[in-house]
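Scroll down for the structure; my scribbles are underneath it.
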Amino acid sequence: MATVIVGGDVCPVGRSEILFRQRAAEAMFNGLLSEFTQADFTVVNLECPLTTEGSPVDKDGRALKAHIDCAEGLRAAHIRAVNLANNHILDYGESGLESTITACQQAGIEHFGAGADSRQAGQILVWNISGLRVGFLGAAEREFNMSARDTWGANPLDPVAMARSLRAHRHEIDFLVALVHGGREYYPYPTPRLQQLCRFLVEEGAHAVICQHSHCPGSYEEYEGALIVYGQGNLLFDAPRVQKQLWHQGFLVTLHPGDAYRNFSYEFVPYRQSQEKPGAHRLSDESAAAFVAELARRRREVEADGFVERQWNDYCRSQKYLYSSRLRGHGRLLRLLNRKIHFTDWLVSKESKLDQRNVIECETHREVLETLWKEDW
């Protein structure tokens, strides 16, 4: 039976960059390396461009990049393909993405999820694994990273375009893995919209839908005979100063496609990133069993009617004043003040809130805003 491993976010920055450039695979992945070498195919999300030139683009949030030589480190770790559909892949502009693809090609690493235009970005990578045609499709939420008809970027998380692609190529694929870069960071459950989207992809033919980007281990469910994972956590993203313990935890998804429709098995391999030195370490048997048991508990929650929506509503209430400030362009101090005294409750009129809601909620109004923002930048 074939073995396909899907790893989470890999970002060769900080202390780990030199390890990637030196091809020090054992130091990077330790006990996980044997999993990669024994698998028929290993794919990860490459969370930053590989480039030595250019300037960071204007965006909200940190811009990331790593040296082009890091592609050789990926190859040394027996990683066969990278998903480039993520929110950092255009951090150094179109030239940064083009450099990344060139570096991967020269290292013999396949890529998908981004390209020179929307057609290339949306292409499904198909690989013959033990006689099975296994397809990989990558897509990302919109965060300063999208491709268009004639511009470089990531494949957008567009259900209509993805469904059309799956229907057009369904006859060419025996087993499809969809990698979705989306969801709320540090939130271990799906949003109602994300759950609906992932289930829709299953209905359109995906055998496994695996969400990344959350930077924490999430949850999972089985739906119509397929596997949906809502957050794997980072695989190797060196950030020793990050105090959130969830940042340093994650799990591999090991898939064993069968020779019949949705006849496959899967298992999870938990690991932990070291804060003392860069590298991911497989958990002990006892710790791994506890980790998997926690995932199973969350599975029961996610599959229970109404849980995802109730959990999401509770979470959003906790974020009310953060987002109220973000909409109004508040800096760090005003955001902190608003979270303490909730001054936007009495500064913003009911009419203003209704106007904001209409502009954001209505599809056409939102499309106007998105079009104007693109022109501005």
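Going by the working numbering, the letters in the sequence shown line up with residues 69 to 445, in that order. We put the CB at the ideal spot given by N, CA and C, even for glycine.
If we ignore side chains and look at the alpha-carbon of each, how far apart do residue i and residue j end up?
i      : j      : result
Thr322 : Glu443 : 43 Å
Leu205 : Ser233 : 9 Å
Thr110 : Gly326 : 17 Å
Pro346 : Val376 : 35 Å
Arg407 : Tyr389 : 5 Å
Asn331 : Thr432 : 42 Å
Arg83  : Asp306 : 7 Å
Trp441 : Trp414 : 29 Å
Ala229 : Asp353 : 42 Å
Gly286 : Leu225 : 20 Å
Val436 : Thr259 : 25 Å
Ile136 : Ala171 : 6 Å
Ala364 : Thr412 : 40 Å
Ser386 : Glu94  : 41 Å
Ile169 : His283 : 24 Å
Lys418 : Arg210 : 29 Å
Ile428 : Asp373 : 28 Å
His156 : Arg309 : 20 Å
Tyr339 : His324 : 20 Å
His281 : Pro124 : 20 Å
Tyr334 : Glu438 : 40 Å
Lys421 : Glu344 : 47 Å
Gly99  : Ile409 : 49 Å
Glu85  : Pro256 : 28 Å
Gln174 : Asn302 : 25 Å
Glu240 : Ala231 : 15 Å
Arg261 : Met214 : 20 Å
Arg252 : Thr105 : 32 Å
For residue i, collect the residues of the same chain with a Cβ closer than 6 Å to its Cβ; drop the 5 residues on either side in sequence, then sort them by chain order.
i      : result
Gly141 : Phe88, Arg91
Phe97  : Ala145, Ala348
Trp220 : Glu162, Leu165, Ala184
Tyr329 : none
Ala107 : Thr71, Ile73
Val416 : none
Under the assumption that residue i contacts residue j (Cβ atoms under 8 Å), give the Cβ distance between them as a whole number of angstroms.
i      : j      : result
Gly181 : Leu152 : 5 Å
Cys116 : Ala134 : 6 Å
Lys127 : Phe212 : 4 Å
Leu314 : Tyr254 : 6 Å
Ser393 : Leu402 : 6 Å
Ile167 : Leu118 : It is Ser, not Ile, that sits at residue 167 in the sequence shown. 6 Å between Cβ atoms; contact.
Going by beta-carbon coordinates alone, are residue i and residue j separated by less than 9 Å?
i      : j      : result
Ile192 : Leu244 : yes
Leu132 : Val81  : yes
Ile208 : Gly250 : Checking the displayed sequence, the identity of residue 208 turns out to be Ala instead of Ile. Contact: yes.
Val150 : Glu178 : yes
Gln379 : Glu369 : yes
Gly129 : Phe319 : no
Leu295 : His316 : no
Ser163 : Glu121 : yes
Leu269 : Val248 : yes
Ala236 : Ile278 : no
Asn154 : Ala216 : no
Arg238 : Tyr288 : no
Glu103 : Val360 : no
Please indicate yes or no: does the CB of residue i lie closer than 8 Å to some heavy atom of the ligand FMN?
i      : result
Glu344 : By its list of ligands, the structure shown contains no ligand whatsoever, and the ligand FMN lies outside what it can speak to.
Assign residue i to buried or exposed, taking buried as 16 or more other Cβ atoms, counted over all protein chains shown, within 10 Å of its Cβ.
i      : result
Gly176 : exposed
Arg350 : buried
Leu395 : exposed
Gly299 : buried
Met69  : exposed
Tyr160 : buried
Cys266 : buried
Ser355 : exposed
Asn426 : exposed
Leu304 : buried
Arg434 : exposed
Ala139 : buried
Gln263 : buried
Tyr383 : exposed
Asn381 : exposed
Asp423 : exposed
Asp242 : buried
Only counting the same chain, and skipping five residues up and downstream in sequence, which positions put a Cβ closer than 7 Å to that of residue i?
i      : result
Ser342 : His349
His398 : Asn406
Gly293 : Arg330
Pro227 : Leu265, Phe268
Ile197 : Ala70, Val72, Asp108, Phe109
Gly273 : Leu234, Arg238, Leu244
Go through its chain and collect everything with a Cβ distance to residue i's Cβ below 8 Å, but skip five positions before and after it.
i      : result
Arg148 : Phe109, Thr110, Val111, Ile177, Glu178, Trp195
Glu271 : Glu292
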